[in-house]
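Residue numbers (this note's numbering), protein chains in the order written: chain B, 1 to 62; chain W, 63 to 580.
Single-structure report; data block below.
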Amino acid sequence: MGFLHQIRVAMFSFWPVWIPMTAAAAVFVACAVGLTATPIAHKPLVSFIRTGQRDRAALSPR
Amino acid sequence: MTLLGLFLAGYIAMILAWENFTYHDNSIFTLYTLRGHDIGPPIMPWLGRFFPLGFQEFNLIRHFTDTITGYHAFRIAQLLIFSWILLTLDEELSVVARAALVILALITPSILTSFAWLIYHEANVLLCIVCLALFVKRFEQTQSVGWAVAAAVCAQIMIYYKETASLLLLGFAVSRLVLRCRSTNARSWDYSRLWDKESRLDLCLAFLAVLFLLYYLGLMLPHPTMKYAEDVRRPLAELFLGYIKLDLLALLFVGIVLSRTYLIVRCKVAPSLLWDGLAFGGVACFVGYLGLGFPTASKHYVAPVDLIALLYVGRLASLSAAKMHLWGKLAALALLLAVVVQDVSLSAFRVFEQKSVIHAKGEIAQVVQARYQNAAGEIRRLFFPFASPYMIMEFASYLDYRGVPVEGVMDAAGALNSVSVVTRVMTKDGPCVGYRNLICHAAATPDPGDLVIVLPDDNQSLADVTSYRAQGELLFSYEPGIPQWVYPFIRSLPIVSLDVTKMELRDGWLHASVTVWK
């Protein structure tokens, strides 16, 4: 009960909760859409494909 | 574009005309920010309210200005950014169509009140909605992480300005995920699309909305209540009737979203993730207000719904106008006309009422202030024969800010030479409202020497107003700028009886006066 009460009191002090929460959300979104968006496997492989194969690969459906 | 520029210039002039801090709920400024105090984040579990970013912008603004124009400058800047984003957001529409949508949006009563009245947080929510749409669109075009982060921060700000905005965000994000995963051709589901870049952003937005709801529940859970809505709850049929009379656009929007959903499910039209997502968010917000059960039609609460409705319906109508049959065009035109007539009449009424009330109260305060200063503090009592305790509190707070100390406004004991507030509508002495210290004294009649004040929004019969004027020395009187013969016409409009005053307008509506009682 005491612990839950302390959590509720902390929730009432809005700014110390909201600012880190927003900063964390921004970092999380950046990681979610950015860092994992370019898998390492994709880029190096391109250089090993010969020109003709690359063209065909570009046309194939993904 | 010239027309839009002129419209915006006139709109801004309208916002600033006759302004002062006397309108409803402006005591939050006259008691706090204008006296150098910050407003705390509005977290009120006992009422079921949690909109902690509400009013927080004024804690910053107060460091730069203490004038009403300065306070409005912030809203005007928001208005201009809002208009600019609307002009650039939807490149599929012609510039003329976009400019027309901006004008239509700004004459919608709920949106107009959001920008023209300082205390409504919906102006912030409206700006966040158009920013969110712009950022999401730019992210989809460029795949840039910056736009995704901007969209998330914007969404995070929006939901902490208004509780129901979380429903809007949740509806937006979840519907986009569903629409993306549903393959249009095969009527099957492609769950691998959940891990697309765009889907990951939508998942994050949905997560923010869920986090807000958990925060909200964590605060409310020990004693869950929706007291602020329960006090004014109305049956569903009455709410629908209110929307038909006051906010046809919102109902039209819901009908169109439902029919378009059917077409999307039947794979007859391809969904637009941005616009259909926004539409589902708007419907979620609308359903949330219906669930709360208090009459919101055309009020500032539904400004986000009205904005999305206008953009969505306007966009569909504009894009499909060329393909419509003659009867379809006529029907669309008739509906547009009905919406415009409804919006213009209600907005004109609201602006007229608001400006008259502000003007009259400002003049009354000036008269009382001059009388107080000239009489060297000999004025002891202000008698309000008709005003509600809430209106008395608001006006007394303004008087106190103007330099007429009122008993209990700043401290319960009352300053030296402070005036006390007396009212006929209370049966015993006590605080005018539960959340302020101002004391209302009860008395059936004024004493000799009292200043008897009839406020413009008392809405009494002219005979009652005149009887108080006749028994003393009239210092000031105010009459509205419309002739009496127009009143029956205004009364006949459904907008008046249902929304604005909750009762019929009387012939003394907007009449005000200050009298020294003999």
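Every residue gets a Cβ at the ideal spot worked out from N, C-alpha and C, and that includes glycine.
ask   = Shorter than 8 angstroms from the beta carbon of T210/W to some beta carbon of chain B?
value = A small fix is needed here, since residue 210/W is Ala in this sequence, not Thr. Yes, A210/W lies at the interface with chain B (some Cβ there is under 8 angstroms from its Cβ).
ask   = In or out: T95/W buried (at least 16 other Cβ within 10 Å) or exposed?
value = Note on T95/W: 16 or more other CB atoms within 10 angstroms of its CB, so buried under the neighbour-count rule.
message = Using a Cβ-Cβ cutoff of 9 angstroms, what residues of the segment 219-232 of chain W are near chain B? List them in chain order.
response = Of all residues in the segment 219-232 of chain W, only I219, Y222 come within less than 9 angstroms of chain B when Cβ atoms are compared, listed by chain position.
key: Environment of V484/W [buried if 16+ CB atoms lie within 10 Å]   = Classified as buried, V484/W has 16 or more neighbouring CB atoms from the shown chains inside 10 Å of its CB.
task = State buried or exposed for S13/B, treating a residue as buried only when at least 16 other CB atoms are found within 10 Å of its CB.
result = Residue environment: S13/B is assigned as exposed (fewer than 16 neighbouring CB atoms within 10 Å of its CB, all protein chains considered).
inquiry  = Which same chain residues end up closer than 6 angstroms to R200/W when comparing Cβ atoms and leaving out the 5 residues on each side of it in sequence?
reply    = Close CB contacts of R200/W within its chain, under the 6 angstroms cut and outside five residues either way in sequence, are with W209 (chain order).
ask   = Would L298/W count as contacting chain B if we go by Cβ distances under 8 angstroms?
value = Using a Cβ-Cβ cut-off of 8 angstroms, L298/W does not count as an interface residue toward chain B, since no Cβ of chain B sits closer than that to its own.
request  = Would you list the residues sitting across from A574/W in a DSSP beta bridge?
outcome  = Bridge pairing for A574/W: Y540/W [DSSP].
query = Apart from the five residues on each side of it in sequence, which residues of its chain come closer than 7 angstroms, Cβ to Cβ, to P447/W?
reply = Result list for P447/W: R486, V514, V516, Y530, in chain order.
ask   = Is the CB-CB distance between H183/W and E456/W below 8 angstroms?
value = Taking 8 angstroms as the Cβ cut-off, H183/W and E456/W do not qualify as a contacting pair.
key: Cross-chain neighbours of A30/B in chain W, by beta carbon under 8 angstroms   = Using a Cβ-Cβ cut-off of 8 angstroms, A30/B is close to V207, A210, V211 of chain W, given in chain order.
message = Distance check for D368/W and L340/W, CA to CA, integer angstroms please.
response = The alpha-carbon atoms of L340/W and D368/W are separated by roughly 12 angstroms.
query = Taking Cβ-Cβ distances shorter than 9 angstroms, what residues in chain W pair up with A24/B?
reply = Residues of chain W passing the Cβ test: none, with the nearest at roughly 10 angstroms.
Which of helix, strand or coil DSSP assigns to R433/W = In this structure, DSSP gives R433/W a helical state, which the three-state scheme calls helix.
inquiry  = Counting only Cβ pairs nearer than 8 angstroms, list the residues of chain B close to A371/W.
reply    = By Cβ distance, chain B contributes nothing, its closest Cβ being about 28 angstroms from A371/W, past 8 angstroms.
query = Considering only residues of the segment 198-281 of chain W, which uninterrupted beta strand (DSSP E) runs meet the minimum length of 3 residues and lie entirely inside it, listed in chain order?
reply = If you keep only unbroken beta strand (DSSP E) runs of at least 3 residues inside the segment 198-281 of chain W, you get nothing at all.
message = Taking the beta strand (DSSP E) that H362/W belongs to, which residues open and close that run?
response = Note, H362/W: premise wrong, no beta strand (DSSP E); not H, not E.
C-alpha distance - W108/W paired with L232/W, whole-angstrom precision = Straight across, the Cα-Cα distance linking W108/W with L232/W is about 25 angstroms.
DSSP three-state assignment for E425/W, whether helix, strand or coil = In the structure shown, E425/W adopts helical secondary structure according to DSSP, grouped into three states.
task = Taking a Cβ distance cut-off of 7 angstroms, strictly less, list which residues of the segment 101-120 of chain W are near chain B, in chain order.
result = Taking 7 angstroms as the Cβ-Cβ cut-off against chain B, the residues of the segment 101-120 of chain W that qualify are P103, I105, P114.
request  = Compute the Euclidean distance between the alpha carbons of A30/B and V207/W, then round it to the nearest angstrom.
outcome  = Cα to Cα, the separation comes out at about 6 angstroms.
ask   = Buried or exposed: where does P39/B fall if 16 or more other Cβ atoms within 10 Å of its Cβ makes it buried?
value = Unreliable positioning characterises P39/B in this predicted model, as indicated by a pLDDT of 48, which lies under 50. A coordinate reading is not provided.
query = Should Y222/W be counted as a contact of the ligand HEM given a C-beta to heavy atom distance under 7 angstroms?
reply = The ligand HEM is not among the ligands present in this structure, which contains no ligands whatsoever.
request  = On the DSSP bridge assignment, give the partners of T485/W in chain order.
outcome  = DSSP lists F446/W, A504/W as the beta-bridge partner residues of T485/W.
ask   = Can you name, in chain order, every residue of its own chain whose Cβ lies under 8 angstroms from the Cβ of A268/W, other than the five neighbours on each side?
value = So the list reads L231, L232, A235, V236, L239, once near-sequence residues are dropped.
ask   = Taking the DSSP output, what are the residues bridged to W579/W?
value = DSSP, once it has assigned bridges, lists G534/W as partnering W579/W.
query = Can you give the Cα-Cα distance for A37/B and C266/W, rounded to whole angstroms?
reply = Note that A37/B has pLDDT 49, beneath the 50 cutoff, so the model's placement of it is unreliable and the number below is only indicative. Those two C-alpha atoms are separated by around 15 angstroms.
task = Give me the Cα-Cα distance between A167/W and V419/W, rounded to the nearest whole angstrom.
result = CA-CA distance, A167/W to V419/W, rounds to 25 angstroms.
key: With 16 other Cβ atoms within 10 Å as the buried cut-off, status of Y133/W   = By the Cβ-count criterion, Y133/W is buried, with 16 or more other Cβ atoms from all chains shown falling within 10 Å of its own Cβ.
Cβ-based burial, I426/W [other Cβ within 10 Å; buried from 16] = Looking at its Cβ environment, which holds 16 or more other Cβ atoms inside 10 Å, I426/W is buried.
ask   = Three-state secondary structure (DSSP) at V514/W?
value = In the displayed model, V514/W falls within a strand according to three-state DSSP.
task = Identify, in the order they occur along the chain, each residue of the same chain with its Cβ nearer than 7 angstroms to the Cβ of D519/W, setting aside the five sequence neighbours on each side.
result = Answer for D519/W: V419, M453, listed in chain order.
ask   = Which residue comes first and which comes last in the alpha helix (DSSP H) that contains E292/W?
value = That run of the alpha helix (DSSP H) goes 289-292.
key: Rounded separation between L275/W and L444/W - CA only   = Near 46 angstroms, if we compare the C-alpha coordinates of L444/W and L275/W.
query = Taking N479/W as the reference, which of G465/W, D491/W, T489/W has the closest Cα?
reply = Comparing alpha-carbon positions, the option among G465/W, D491/W, T489/W lying closest to N479/W turns out to be G465/W.
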